[in-house]
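Notes follow the structure.
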Amino acid sequence: MVTFKFVPYYEIESLSSAKRVNKLLKIVKEDKIVIMEGRLRKQEEADLIEITMEEISPKFKGIELSVIYPDKDKQDAIQKLRGVMANALLGNRQGLTIVGPASVVKKIENNPDKIELFTRESKAKGKGMRK
Amino acid sequence: MVTSFLKGLFKKLSLNPFSKKSHIKLGLYGPPNGGKSTLANKICMDWLGEEMSTVSHIAHETREIKIKEQVNIKNKKGKELTFSLVDTPGISTKIDYEEFIRKGLKKAEAKKRAKEATKGVIDSIKWLDDMDSVVVVLDATKDPYSQVNITIIGNLQARNIPVLIAANKVDLKKAGMDSVKAAFPQYKVVGISAKYGKNIEEFYEQLFTLTS
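Those protein sequences? They're chains A and B, same order as listed.
So for the first sequence, the numbering used here puts the first residue at 5; every next one is plus one.
So for the second sequence, the numbering used here puts the first residue at 7; every next one is plus one.
The following block contains the structure:
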């Protein structure tokens, strides 16, 4: 069985970068797949990889990470402006961040139009999500 | 974060007091087995007459930062460029020692490699701030939309570090230059075969643009 844990943006909004990363990693280490509203900052994504590496052990083999984000090239000027304003007012809530334990998630394929998550248990396509 | 911002600002204004302008650090970054060390060797063989790193079909062969100082290259117009070449361990989100065992390593050796590889990834990320320009080396036969690629390039962009993407292994039939270009339309992408030297002159020419 695969367990997904949804993390709404308001749960991480007020946290420091270190606490955001640790919160996500704590859930992942419980063998759950995080689906987070919005995305981490670029530096936080690098921090997540760095801290993951520090935690690697025979039991914890790392993470699979993917971010789905609206393709700005396909947005018109008004949509882009709305996005900028929404980010400024509400934080970076656009998109979804998916983080899973490497022991459960074999691969996340992310191309512009869809994201596919392959789990180790089934050895086959698990869930497919379209943008 | 403030330091990164200031470094980026000074870099933009060509007033970077954090590094000597005559001493450019050119980093090779990317996921494991993309061909960073093969490219580092090709550059060093072409311009210094000696290799720099060992290469292997087993991932994470490069597990520590390697630096070759004073690499001096020339273009057809006679212009010269001198830089320190920094070959970095491949950045990955997972490391499983059992994968190394499947590739033929013994258990103790595989565990040691895994431990060193995790440290290598951490070092690669920490060294991002020290780079003046970066060549992101991607395997052109693989999906370019991996989050590792996106995270590396996003972090370089956030630090205002100039980026050139080297889509490596274009000698292989599966190589897809178009998908690499489509994934990172804001960057110059040069298709190369570091192993066979294909299109390497174009790559060297792009290094002048990257570091100018």
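Cβ coordinates follow ideal geometry from the N, Cα and C atoms, glycine included.
Just so we're clear, the structure is a prediction, and the values are computed from it rather than from any experiment.
Listed by chain order, chain A residues near T157 (chain B) by CB distance under 9 Å = Those are K46, E49, A50, L52, I53, L69 and V71, listed as they occur along chain A.
Could you tell me whether the Cβ of K65 (chain A) comes closer than 7 Å to any Cβ of chain B?
Using a CB distance cut-off of 7 Å, K65 (chain A) counts as an interface residue toward chain B.
message: Would you say the beta carbon of A123 (chain B) is closer than 6 Å to some non-hydrogen atom of the ligand COA?
response: Although the ligand COA was asked about, the structure shown includes no ligands whatsoever.
Using a Cβ cut-off of 9 Å, which residues of the stretch 28–50 of chain B contact any Cβ in chain A, in chain order? Answer set for the stretch 28–50 of chain B: empty.
**Q.** Partners in chain B for A106 (chain A), counting only beta-carbon separations shorter than 8 Å
**A.** Going along chain B in sequence order, the residues near A106 (chain A) (Cβ under 8 Å) are T99, K100 and D102.
- Would a C-beta distance cut-off of 7 Å place R24 (chain A) and I16 (chain A) closer than the cut-off? Yes, the Cβ-Cβ distance between R24 (chain A) and I16 (chain A) is below 7 Å.
When you check each C-beta in the stretch 124–139 of chain B against every C-beta of chain A, which residues fall closer than 7 Å? Listed by position along the chain: T124, V127, I128 and I131.
*asked:* Less than 7 Å between CB atoms is the rule here; does M57 (chain A) satisfy it with respect to chain D?
replied: Judged by its chain identifiers, the structure shown contains no chain D, and its protein chains are A and B.
(request) List the whole-angstrom C-beta distance separating V141 (chain B) from L170 (chain B), where the pair is believed to meet the contact cut-off of C-beta under 8 Å. (result) In this structure V141 (chain B) touches L170 (chain B) by the C-beta definition: roughly 5 Å separates them, less than 8 Å.
- Task: For E113 (chain A), return the contacting residues in chain B, with the cut-off set at a CB-CB distance below 8 Å.
- Result: D149 and Y151, listed in chain order.
**Study point:** For D149 (chain B), three-class secondary structure by DSSP
**Key:** Coil at D149 (chain B), not helix or strand.
Among B:E104, B:R108, B:Y103 and B:I167, nearest to W133 (chain B) - alpha-carbon criterion: Taking the Cα of W133 (chain B) as reference, the smallest distance to any Cα among B:E104, B:R108, B:Y103 and B:I167 is reached at B:I167.
* **For F8 (chain A): DSSP bridge partner residues** => Looking at the DSSP assignment, F8 (chain A) forms a beta bridge with A:I37.
- Task: State the start and end residues of the unbroken alpha helix (DSSP H) segment that holds D136 (chain B).
- Result: Premise fails: D136 (chain B) is in no alpha helix (DSSP H) and is neither H nor E.
- Query: Between I60 (chain A) and chain B, is there a C-beta pair that is closer than 7 Å?
  - Reply: It does: the Cβ of I60 (chain A) has a partner Cβ on chain B nearer than 7 Å.
Requested in this report: Could you pull out every residue in the same chain whose Cβ sits closer than 7 Å to the Cβ of T56 (chain A), ignoring the five residues on either side in sequence?
Outcome: Same-chain partners within the cutoff: L29, G66 and I67.
Q) My guess is that I60 (chain A) and I101 (chain B) are in contact by the Cβ rule of under 8 Å, so how many angstroms apart are they, rounded? A) With 8 Å as the limit, I60 (chain A) and I101 (chain B) qualify as a contact, their Cβ atoms being about 6 Å apart.
Chain-order list of residues whose beta-carbon lies under 6 Å from that of D129 (chain B) (same chain, five-residue window excluded):
In chain order, I71 place their CB closer than 6 Å to the CB of D129 (chain B), counting only its own chain and leaving out the 5 sequence neighbours on each side.
According to DSSP, is Q76 (chain B) helix, strand or coil?
Correct three-state label for Q76 (chain B): strand.
Requested in this report: Please state whether DSSP places Y35 (chain B) in a helix, a strand or coil.
Outcome: Y35 (chain B) falls in the strand class under three-state DSSP.
From which residue to which residue does the beta strand (DSSP E) around D93 (chain B) run?
Note, D93 (chain B): beta strand (DSSP E), E86 to D93.
For the beta strand (DSSP E) that K46 (chain A) lies in, which residues bound it at each end?
Premise fails: K46 (chain A) lies in the alpha helix (DSSP H), K46 to E59, not in any beta strand (DSSP E).
Give me the residue from B:N174, B:I131, B:R108 and B:K187 with the minimum Cα distance to L162 (chain B). Nearest option by C-alpha distance: B:I131.
**Asked** From which residue to which residue does the beta strand (DSSP E) around T101 (chain A) run?
**Response** Element bounds for T101 (chain A): L100 to P105.
Requested in this report: Would you kindly work out how many angstroms separate the C-alpha atoms of G221 (chain B) and M5 (chain A), rounded to a whole number?
Outcome: Residue 221 (chain B) lies beyond the range of chain B shown here (7 to 218); nothing can be said about it.
Practice prompt. Could you give the DSSP three-state label for N155 (chain B): helix, strand or coil?
Written response: Helix at N155 (chain B).
**Asked** Thinking C-alpha only, which one of B:E115, B:G36, B:Y35 and B:G41 is nearest Y202 (chain B)?
**Response** Sorting B:E115, B:G36, B:Y35 and B:G41 by C-alpha distance to the C-alpha of Y202 (chain B) places B:G41 at the top.
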